[in-house]
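At position 8 of the sequence shown the residue is numbered 25 (the working numbering), and the sequence of numbers has no breaks. All C-beta atoms in this analysis are idealised placements derived from N, C-alpha and C, irrespective of residue type, glycine included. Here the structure is a predicted model, which means the values were calculated and not measured.
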Amino acid sequence: MKCNFSFNHYKEILTLAKDKGYKSTFFDEEIEGRQIIIRHDIDLDLDAALEMAKIEADLGMKAVYFIWISSPFYNIFENRYKNIIMQIVELGHEIGLHYDETSHICNSREELISYIDKESEIIKIYFDLDIKTVSFHRPSQYILNSDLKCGKYINTYSKRFFKEFAYISDSRGIWQNGCICCMLNEDLPEKLQFLTHAIWWKEKSLVNQERLKGFLQYKLRKMSNDLSNNITIYNKKNLIVKENECEDYN
Ligand SMILES: [Zn+2]
Ligand SMILES: [Zn+2]
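Below, the structure written as structure tokens:
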């Protein structure tokens, strides 16, 4: 088994977890024995998230996909991404809220919960999905250390899931202490929260900078197609975006 960020290795990881007796659950399920909660914070790439959702469903596993409603990288209301979100749900997974603390100015916990409510309500109205769980995007020290109670929402950074569960993440496209495989082969914690970011995973494993570059090229191609589908005077050949033309955007 070769450790990398390919979909194939993702499948191997989940198969290993199953073989070791882990059962995948959502955050609101309490079970006896080995439990793995697979969490996806969707910062950038909903297309890759769908591929991961299919792999999980094929193995009879479930996961929670946290969507960021104000993401600058995808629009959840766009047909393409709305359909992807609904496909993820149909595969048996849960949609949670990926909440960005910088989106609203909050002076109290109550105010923070009211914004979480507001964003969850938007998802409820548009997708008819009930949000039960919230994960914070680039969480502040306050979120990481305060065991914050979020009203009716489960906080993935609460003490229970962040400290009492073993926690492993692929943040920045690297493993801090080795691939999750090692943990599944050696430590075998009874309770495990496994966080992934779909942006790092792909059919063929890439180092993080290459993966980001590929993503940027994909977005340029997509924007070009969207322009030609919506703006009749747009001529793809005349408007090839060169890297240095983006420089004054800061
Ligand atoms: Zn591995
Ligand atoms: Zn995030």
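For ligand 1, no non-hydrogen atom lies closer than 7 Å to the CB of Ile84. DSSP places Thr32 within a helical segment (H, G or I) once states are collapsed to three. Placement of the Cβ of His57 at a distance of 7 Å or more from every heavy atom of ligand 2 is found. Beta-bridge pairing by DSSP links Asn172 to Val151.
Here Lys253 is exposed: its Cβ has fewer than 16 other Cβ atoms, across all protein chains shown, within 10 Å. Excluding the 5 residues flanking it on each side, Ser188 has same chain C-beta neighbours closer than 8 Å at Leu212 and His214, in chain order. Short note on Asp62: C-beta not closer than 7 Å to any heavy atom of ligand 2.
Assignment of Glu111 by DSSP, reduced to helix, strand and coil, places it in the strand class. Relative to Asp64, the option among Glu118, Glu138 and Ile101 whose CA is nearest is Ile101.
The segment 70-81 makes contact with the segment 40-52, as at least three CB pairs between them are under 8 Å. Taking C-beta separations shorter than 7 Å and ignoring five residues to either side along the sequence, the partners of His121 in its chain run Tyr132, following chain order. Ranked by Cα distance from Glu118, the first of Leu67, Arg238 and Val151 is Val151.
Here Ser125 is exposed. Its C-beta has fewer than 16 other C-beta atoms within 10 Å. Near ligand 1, residues with a Cβ at less than 5 Å from any of the ligand's heavy atoms are Cys20, Cys196 and Cys198; the list follows chain order. Of the residues Ser245, Lys221, Asp243 and Phe232, the one whose Cα lies closest to the Cα of Asp62 is Phe232.
The shortest C-alpha to C-alpha distance from Leu108 to any of Leu76, Trp192 and Leu209 is the one to Leu76. Beta-bridge annotation (DSSP): Cys167 is paired with Tyr170.
DSSP places Tyr98 in the helix class (H, G or I) of the three-state scheme. Linking Pro206 to Arg51 through their CA atoms gives a straight-line distance of about 8 Å.
Here the segment 166-183 makes contact with the segment 138-156; the two share three or more CB pairs at distances below 8 Å.
DSSP links Tyr82 through a beta bridge to His57 and Ile112. Where Leu237 is concerned, the enclosing alpha helix (DSSP H) starts and stops at Asn225 to Asn247.
Rounded to whole angstroms, Ile112 and Ala70 show a C-alpha spacing of 11 Å. Within the same chain, and ignoring the five residues on either side of Pro156 in sequence, the residues whose Cβ sits closer than 6 Å to its Cβ are Tyr174.
Relative to ligand 2, the nearest heavy atom lies less than 7 Å away from the CB of Arg155.
In the three-state scheme derived from DSSP, where H, G and I count as helix and E and B as strand, Asp75 is classed as helix.
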